[in-house]
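Asker: Structure provided below as structure tokens; questions to follow.
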Amino acid sequence: MPREKGEKVVATNRKARHDYLIEDTYEAGMVLSGTEVKSLRAGRASLVDGYAFIESGEAWLDAVHIPEYTAGTWTNHPPRRKRKLLLHKAEIVKISHKTKEGGYTLIPLKIYFSDGKAKVEIAVAKGKKEYDKRQTLRERQDKRESDRAISARRNLGD
1 MPREKGEKVV
11 ATNRKARHDY
21 LIEDTYEAGM
31 VLSGTEVKSL
41 RAGRASLVDG
51 YAFIESGEAW
61 LDAVHIPEYT
71 AGTWTNHPPR
81 RKRKLLLHKA
91 EIVKISHKTK
101 EGGYTLIPLK
111 IYFSDGKAKV
121 EIAVAKGKKE
131 YDKRQTLRER
141 QDKRESDRAI
151 SARRNLGD
């Protein structure tokens with residue numbers, strides 16, 4: 001029985017939803033060393049430049065920055081290294097076919113602990129063009145304004 005229950009988010013990639021159109025998301029385990037786990041438990045990680053890829057039937061996470069553990073010694077890990085992702089074979093094949101179509105990439109959305117185990121949520125995503133980003137921002141702003149107008153109308157008592 002795990003000591004921890006629930007989900008504890010360590011790091012999120014907020015810019016990913018702005019820069020990419022998310023198609024599918026997958027939960028994957030990560031192969032980590034001991035000092036990496038301790039550093040993640042301290043809440044330290046950055047997904048800014050991170051990406052994932054499929055190589056010879058295995059999923060890998062690269063360029064994710066997990067800083068060295070402060071109380072670590074010579075056994076500390078390199079902060080940016082390739083980390084193996086643990087996915088089912090069928091999921092790897094599905095992701096591989098999708099990314100080979102062209103225009104699709106694998107990006108990490110968040111790193112979290114689920115019942116004490118380190119997990120990463122990866123997404124099959126397509127890059128947005130600049131006008132798509134502006135359109136999304138415009139839609140969000142229009143929705144916010146309409147919600148404000150409805151709320152103001154409701155508060156007037158009509």
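Each residue of the sequence shown is one higher than the one before, starting from 1 at the first, in full-length UniProt numbering.
For each residue, glycine too, the CB sits at the ideal point set by N, CA and C.
Nothing here was measured: the structure is a model prediction, and the numbers come from that model.
1) For a quick check, are the C-beta atoms of V10 and G34 less than 8 Å apart?
2) Output yes or no for whether 8 Å exceeds the beta carbon distance between K128 and L21.
3) Could you tell me the alpha carbon to alpha carbon distance between F53 and D132, rounded to whole angstroms?
4) Just checking, does the segment 84-93 make contact with the segment 55-65 on the three C-beta pairs under 8 Å criterion?
5) Report, in whole angstroms, the separation of the C-beta atoms of A123 and I107, which I expect to be a contact under 8 Å.
6) Which of the three DSSP states is assigned to S46 in this structure?
7) Could you pull the DSSP bridge partners for S114 from this structure?
8) What did DSSP end up calling Y69 once you bin it into helix, strand or coil?
9) Could you check what DSSP says for G29 in three-state terms: helix, strand or coil?
10) Would you mind reading off the limits of the beta strand (DSSP E) that contains E55?
Answerer: Taking the definition as stated:
1) In the sequence shown, the residue the question calls residue 10 occupies position 10. In the sequence shown, the residue the question calls residue 34 occupies position 34. No. Outside cutoff.
2) Start at 1 with the first residue of the sequence shown, and residue 128 comes out as number 128. Start at 1 with the first residue of the sequence shown, and residue 21 comes out as number 21. A contact, by the Cβ cut-off of 8 Å.
3) Position 53 of the sequence shown holds residue 53. Position 132 of the sequence shown holds residue 132. Computed Cα separation, rounded: 25 Å.
4) yes
5) Looking up residue 123 in the sequence shown gives position 123. Looking up residue 107 in the sequence shown gives position 107. Rounded, the Cβ-Cβ distance is 6 Å, consistent with contact.
6) Position 46 of the sequence shown, counted from the start, is the residue given in the question as residue 46. Strand, per DSSP.
7) As a working mapping, residue 114 is identified with position 114 in the sequence shown. Bridge partners of S114: E7 and K117.
8) Working through the sequence shown from its first residue, we reach residue 69 at position 69. Here Y69 sits in coil by DSSP.
9) Here residue 29 is taken as the residue at index 29 of the sequence shown, counted from 1. In the structure shown, G29 sits in a strand (DSSP, three-state: E or B).
10) On the sequence shown, residue 55 is found 55 positions in, with the first residue counted as 1. Looking at the DSSP string, the run of the beta strand (DSSP E) that includes E55 is Y51 to E55.
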